[in-house]
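Colleague:
Chains as they are written, first to last, in the working numbering: chain U, 316 to 689; chain G, 33 to 429.
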């Protein structure tokens, strides 16, 4: 057992942290959100070309840095600290994860394009009726000659307005909630019949409802692996947002600590009041446990499926509970100013809140854990 | 002691129900359904209906325009208005400054201001908090200096709700900087159209413009607009805060909120079953109902005490704490219930935009409402301050 990061991993963290400190302060982020496309694409290009770190979790043969889920954890934690609105989760963690499994010509073409900052992938998996059940799909992919025809609706697809490619779950067979018949496709985002309605999300991202209106897709768009692969990818994504939550929570705590040191009421900094000291101590405890669970789950991503799922579910449930506590108490301790758009703290609270439900609520994951370990 | 409604109470309930059904503004109902932000006119439309009927201020003494309803009738009224999803009337005139004026004002002040509060002609706002004086309200620094028959007021207020619409504001100002903190404060009524009054918006997390900063620069306020004695404004302030706290419990609205959460959870699917059939979610709703029932009967006991001549005392802090926590919990469960569709940021329909928003109607404002409702444990005296009040005033610690 060894919990130390390698020198390369430390360097990755430092490089990214320094870059984000220069480019991603609260005011700069606000300006990005106000742009018509809802982000500054130059940041993504810089991560690719100036820093060369979008290859962190990819193999060297594809031009990557040879890392894995730990590198994604490091990246996501730092991105969380600035509540970055970059499509790293969607493109590198999920899209990249799928491509690594797909291998072959698809991986050879697209992984280098991701590393170069040219390909952006969005993950179209959720459906209006499906809640967190990955197999609850109405979207169908009907075999048609050498290819497929895709029909259906996908809900709240983060990063879709920016995407060059879509990673789509659809049924090639089976009934609506059956595990059998779930398939995964990587397609060009601009194929005829792909209709999007784009909108901002409450946590500062851009997302879309996507309607596939008899979209003809080539046969080689299929990535083998079915529901098992989809679950693996979503577990990896879940741990990535747990790492992001770690960064978000740390900043919520630090920001609140700064605030209670300088805010004076009744003639003293309010940090002198024991009730707030205990609250800050409780928040600290939760922040540390988020970091612990993010690490635990990440280190278990390569275990056999049942163990992996149990670990990820326990981690996500705990992180959801803890980020809820940290966010609510950060706002409460700030008072009125915590509820305004003017201070960063409220924006961290919003992202933390959305992480709670993303890829499954605490209830969902506690339930999944119990089913796996019964 | 019993819980039954008398035949008269039941008749009253039928009357109220019929009145609301016939008179609640249809345009307002449509906007509420779409989750649109409400304008000043929207708020006033229901206020005016009630003013014409004489039902706009049930809590006021009859001599000033109250309804003379029994506590049971007032209970029925709040139940029925919540049940019908009626908007909450703006409290700043009716529930805050109105009671201060009829309790502490001169006959001239009562005659001048109370009828216009009832009619809705004057929209009021509250100038209490300052950037440096939140929980420690008595440290406020907005200064009023006597100049003949005027005060000249300088300072800055914040969190001034709906000040962008206000005709009048009631302000706590320091008239005697030498006296001990609470003893040098006066309660002034300020015409918001006076030269030197500037209102600047503060946008909150859900994107709403509810609160404002109010700047006062050499604002001249006639001495006749001071309520009660000079330097004794803290008496009015404390009276008002205790009043604000009882209304803040919001029991009837939260009961309606529980029904809405159940309806959403009945519409949302969790696999083959509706979400409300998920035992974990269901239990959370039940626990909320449990807490709400405890709050309801605590409030009813408190109201019974008040009608027996005991004014709202420090125990109203209990109502504020539990009421605000329940309101927050409701928004939290709603956001949890809507799943993925909590994420899209929907801000009402723009002009000429008839495109249907993303996801089900009940999901549009779930996240912004959750964010915004974090205010309830902060405003009206934060819940930390309420616990201090209970510790000091009730428990004698």
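Each residue gets a CB set at the ideal place from its N, CA and C atoms; glycine is no exception.
Pop quiz: residue 345 of chain G and residue 295 of chain G are said to be a contact at Cβ under 8 Å. What is the actual Cβ separation, rounded to whole angstroms?
Modeller: For a cut-off of 8 Å, the C-beta gap from residue 345 of chain G to residue 295 of chain G is around 37 Å, too long to register as a contact.
Colleague: From this set, U:440, U:430, U:347 and U:439, which residue's C-alpha is nearest residue 398 of chain U's C-alpha?
Modeller: Cα-wise, what sits closest to residue 398 of chain U is U:347.
Colleague: Tell whether a beta-carbon distance below 7 Å holds between residue 437 of chain U and residue 474 of chain U.
Modeller: yes
Colleague: On the CB-based measure, 16 or more other CB atoms within 10 Å of its CB, does residue 395 of chain U come out buried or exposed?
Modeller: buried
Colleague: Measure the Cβ-Cβ separation of residue 558 of chain U and residue 392 of chain U and say whether it is below 7 Å.
Modeller: yes
Colleague: Taking Cβ-Cβ distances below 9 Å as the criterion, which residues of the region 660 to 675 of chain U are in contact with chain G?
Modeller: 661, 662, 664, 665, 668, 669, 671, 672 and 673
Colleague: Going straight from the alpha carbon of residue 683 of chain U to that of residue 517 of chain U, what length do you get?
Modeller: 27 Å
Colleague: Determine the direct distance from the alpha carbon of residue 601 of chain U to that of residue 363 of chain G, and round the result to whole angstroms.
Modeller: The straight-line gap from Cα to Cα measures roughly 23 Å.
Colleague: Within 10 Å of its beta-carbon, does residue 649 of chain U have 16 or more other beta-carbons around it, so buried, or fewer, so exposed?
Modeller: buried
Colleague: Could you pull out every residue in the same chain whose Cβ sits closer than 7 Å to the Cβ of residue 243 of chain G, ignoring the five residues on either side in sequence?
Modeller: 191, 192, 193, 234 and 236
Colleague: Compute the distance between the beta-carbons of residue 413 of chain U and residue 481 of chain U, then report whether it is under 7 Å.
Modeller: no
Colleague: Please state whether the Cβ-Cβ distance between residue 568 of chain U and residue 628 of chain U is less than 7 Å.
Modeller: no
Colleague: Out of U:455, U:510 and U:523, point me to the one whose CA is closest to residue 490 of chain U's CA.
Modeller: U:455
Colleague: Using a beta-carbon distance cut-off of less than 7 Å, what residues from the region 295 to 309 of chain G approach chain U?
Modeller: Listed in sequence order: 301, 302 and 303.
Colleague: Output the distance between the C-alpha atoms of residue 322 of chain U and residue 298 of chain G, rounded to the nearest integer angstrom.
Modeller: If you draw a straight line from the Cα of residue 322 of chain U to the Cα of residue 298 of chain G, it comes to about 53 Å.
Colleague: To the nearest angstrom, report how far apart residue 621 of chain U and residue 411 of chain G are at their CA atoms.
Modeller: 47 Å
Colleague: Whose Cβ in chain U lies nearer than 7 Å to the Cβ of residue 113 of chain G?
Modeller: Correct list: empty, because the minimum Cβ distance to chain U is about 27 Å.
Colleague: May I ask you to report which of helix, strand or coil DSSP gives residue 604 of chain U?
Modeller: Note: residue 604 of chain U maps to helix in three-state DSSP.
Colleague: Would you say residue 228 of chain G reaches chain U, if we count a Cβ-Cβ gap shorter than 7 Å as a contact?
Modeller: no
Colleague: Within 7 Å of any Cβ in chain U, is that where the Cβ of residue 410 of chain G sits?
Modeller: yes
Colleague: If we cut at 7 Å on Cβ distances, does residue 634 of chain U have a partner in chain G?
Modeller: no
Colleague: If residue 536 of chain U and residue 501 of chain U are in contact, beta carbons under 8 Å, what's the gap, nearest whole angstrom?
Modeller: 6 Å
Colleague: Ignore the nearest five residues each way along the sequence and tell me which others in residue 615 of chain U's own chain have a CB closer than 8 Å to its CB.
Modeller: Cβ within range, chain order: 622, 623, 626 and 627.
Colleague: Are the C-beta atoms of residue 516 of chain U and some chain G residue less than 7 Å apart?
Modeller: yes
Colleague: So, is residue 610 of chain U buried or exposed, given that buried needs 16 or more other C-beta atoms within 10 angstroms?
Modeller: Note on residue 610 of chain U: 16 or more other CB atoms within 10 angstroms of its CB, so buried under the neighbour-count rule.
Colleague: Against residue 416 of chain G, what residues of chain U qualify as contacts under a CB-to-CB distance less than 7 Å, listed in chain order?
Modeller: Those within 7 Å of residue 416 of chain G in chain U are 590.
Colleague: Measuring CB to CB, does residue 370 of chain U end up less than 7 Å from residue 357 of chain U?
Modeller: It is not a contact, given that the beta carbons lie outside the stated cut-off.
Colleague: Can you tell me where the alpha helix (DSSP H) holding residue 318 of chain U begins and where it ends?
Modeller: Where residue 318 of chain U is concerned, there is no enclosing alpha helix (DSSP H), given that its DSSP letter is neither H nor E.
Colleague: I think residue 631 of chain U touches residue 674 of chain U, with their Cβ atoms under 8 Å apart; what is that distance to the nearest whole Å?
Modeller: 7 Å
Colleague: Nearest to residue 556 of chain U by CA position, among U:523, U:435, U:582 and U:612, is which residue?
Modeller: U:612
Colleague: When the distance is taken between beta carbons, is residue 253 of chain G closer than 7 Å to residue 228 of chain G?
Modeller: Their beta carbons are not under 7 Å apart, which means residue 228 of chain G does not touch residue 253 of chain G by this criterion.
Colleague: Does the region 65 to 84 of chain G come close enough to the region 118 to 127 of chain G that 3 or more CB-CB pairs lie under 8 Å?
Modeller: yes
Colleague: Using a Cβ cut-off of 9 Å, pull out every chain U residue sitting near residue 167 of chain G, in sequence order please.
Modeller: By Cβ distance, chain U contributes 580, 581, 585 and 650.
Colleague: Tell me the residue span of the beta strand (DSSP E) that contains residue 250 of chain G.
Modeller: 241 to 254
Colleague: Tell me, which residues are paired with residue 21 of chain G by DSSP?
Modeller: The question about residue 21 of chain G has no answer, for chain G in this structure spans 33 to 429.
Colleague: Whole angstroms is fine: what's the gap from residue 41 of chain G's alpha carbon to residue 663 of chain U's?
Modeller: Cα to Cα, residue 41 of chain G sits roughly 50 Å from residue 663 of chain U.
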